[in-house]
Amino acid sequence: MYAIVEINGQQFKVEEGKKLFVNHLKDAEAGKTVEFDRVLLVDKDGAVTVGAPTVEGAKVVAEVVNPLVKGDKVVVFKMKRRKDYRVKNGHRTHFTEVEVKSVNA
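In this text, residue positions in the sequence shown follow my numbering: the first is 11, and each later residue adds one.
The following block contains the structure:
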């Protein structure tokens with residue numbers, strides 16, 4: 011059994027026991043359970059239920075493993091040749107690691 015769920019504007023395929031790195035959840039604490047109710051699709055042993063836009067009564071329960079994980083460093087370098095123009099910027103995206111406990115449909 012798996013489901014497609016929308017978390018912070020991104021879609022993820024979730025199954026029980028699977029770990030995900032989602033965009034940073036503001037009020038997440040380690041060990042805390044969170045529920046995601048924007049379930050877009052549920053596949054229960056070949057019986058596919060597609061929501062319009064979401065599946066009624068379906069939810070995904072997950073536990074926060076690590077509330078703040080920093081992603082890889084991304085370097086943004088801009089340069090125009092012969093113009094003495096160089097700009098170097100960068101950032102690291104913040105994630106929250108969650109483990110899916112159950113998919114209820």
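Note that beta-carbon positions come from the ideal geometry of N, C-alpha and C, so glycine has one too.
- In this structure, the alpha-carbon of Gly-56 lies about 8 Å from that of Met-11.
- 7 Å or more divides the Cβ of Thr-106 from the Cβ of Leu-50.
- By DSSP's assignment, Thr-43 forms a beta bridge with Glu-73.
- Per DSSP, Thr-64 lies in no beta strand (DSSP E) segment and is marked neither H nor E.
- According to DSSP, residue pairing for Lys-80 in a beta bridge involves His-104.
- In the DSSP assignment, the residues bridged to Asn-99 are Val-86.
- Phe-87 counts as exposed, since fewer than 16 other beta carbons sit within 10 angstroms of its beta carbon.
- Beyond the five residues adjoining it in sequence on each side, Val-97 comes within less than 7 Å, by CB distance, of Lys-88 in the same chain, given in chain order.
- DSSP, reduced to helix, strand and coil, places Asn-18 outside both helices and strands of the structure shown, so it counts as coil.
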